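*Asks:*
In our numbering, the protein residues as written are 350 to 661.
1) Counting C-beta neighbours from all protein chains within 10 Å, is the total for residue 497 16 or more, i.e. buried, or is it exposed?
2) Would you mind stating whether residue 446 and residue 365 have Cβ atoms separated by less than 8 Å?
3) Going along the chain, which residues of its own chain have a beta-carbon closer than 6 Å to the beta-carbon of residue 579, five neighbours each way excluded?
4) Quick one: what does DSSP say residue 453 is sitting in, helix, strand or coil?
5) How would you label residue 643, buried or exposed, when you count the other beta carbons within 10 angstroms and need 16 or more for buried?
6) Would you kindly work out how many angstroms separate the C-alpha atoms of residue 519 and residue 632, rounded to a whole number?
7) Nearest to residue 491 by CA position, among 382, 355, 599, 616, is which residue?
8) Taking the beta carbon of residue 455 as the centre, do at least 16 other beta carbons fall within 10 Å, making it buried, or is it exposed?
9) Output the distance between the C-alpha atoms of residue 396 and residue 402, rounded to the nearest integer angstrom.
10) Once DSSP output is grouped into helix, strand and coil, what is the label at residue 616?
11) Using the C-alpha atoms, what's the distance from residue 485 back to residue 354?
12) Can you list, in chain order, the residues of its chain with a C-beta nearer than 8 Å to that of residue 422? Leave out the 5 residues immediately preceding and following it.
13) Only counting the same chain, and skipping five residues up and downstream in sequence, which positions put a Cβ closer than 6 Å to that of residue 507?
14) How about residue 601 and residue 547: do their beta carbons lie closer than 8 Å?
15) Using alpha carbons as the reference points, say which of 410, 428, 493, 477 lies closest to residue 487.
16) What is the DSSP secondary structure of residue 656, reduced to helix, strand or coil?
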């Protein structure tokens, strides 16, 4: 095997993922073997719909070591699927992927979009935390990456009303440290990082001001070691002349930084989980059930996700 395979957990059975996967395969030749962890029955339906001529090669997850693979076939690991229990199907898919990674077969994982509410049932804020828990990685960060500008929210998929009670100095310092280490290791670059305040204009009429009590002290601490500045008001940091000064903008909550980034780059971004003992990436969009079967979904984010792992 010339390069380590890329594991792809197909994720939500009712989503646009197979559509964008086959569009990606048609548009670009990837050198790393792709192994899709999914139901053979499900993928066969989409192979016919998308007029794919490649044949399926079913693999045994326990006998992948030293197996020579390529992308002349659609390499899959078949997972039992019941329409009555899609959550069990997704869990079994992840379990197989985790076992393969823990055996050292590969260190590259992509998962398709997943309905967090149905699958996680409130046990974890998001799939990032679910994956991190499986590998006992206590420090992790969600980096939405674009080569021009990336963002990282301190809190991820939690209700906005809970954010002010969750943010703390330790999390801010840990996530900035992960970002800095990732950029230095992957790109040999010390990133310029902006940190956004919690409140409008970084001001608050409350007795407890998160910007003064939590965020500013964190930045002072981080400046001793990293290229960090802030806090900056959320309503102006993404203006052209402001954002071009930074490689990464760190916000306090999900939509504070993901909304502007998706407006700027749309599908030209990928979600990288930092802090794991391997590289895990997801395309930066959801299952989008309403678009299933319409053949209108944009594969750019998945192409970028596979290409990133293909080259690293």
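Even for Gly, the Cβ is constructed at its ideal location relative to N, Cα and C. All of these numbers come straight from a predicted model, not from anything done at the bench.
*Replies:* According to the data block:
1) Result: exposed.
2) In this structure, residue 365 does not lie closer than 8 Å to residue 446 by Cβ.
3) If we look at residue 579 and ignore the five residues flanking it on each side, its Cβ neighbours are 543, 544, 568.
4) Reduced to three states, the DSSP call for residue 453 is coil.
5) Per the 10 Å Cβ criterion, exposed.
6) In a straight line, the C-alpha of residue 519 is about 28 Å away from that of residue 632.
7) The shortest Cα separation from residue 491 among 382, 355, 599, 616 belongs to 599.
8) Label assigned to residue 455: buried.
9) In this structure, the straight-line span from the alpha carbon of residue 396 to that of residue 402 is close to 8 Å.
10) Here DSSP, grouped into helix, strand and coil, assigns residue 616 to coil.
11) Whole-angstrom Cα-Cα distance: 23 Å.
12) Within the same chain, 403, 404, 405, 406 come within 8 Å of residue 422 by CB-CB distance, once the 5 residues on both sides are set aside.
13) Answer for residue 507: 474, listed in chain order.
14) Yes, the Cβ-Cβ distance between residue 601 and residue 547 is below 8 Å.
15) It is 477 whose Cα lies nearest to the Cα of residue 487.
16) Correct three-state label for residue 656: helix.
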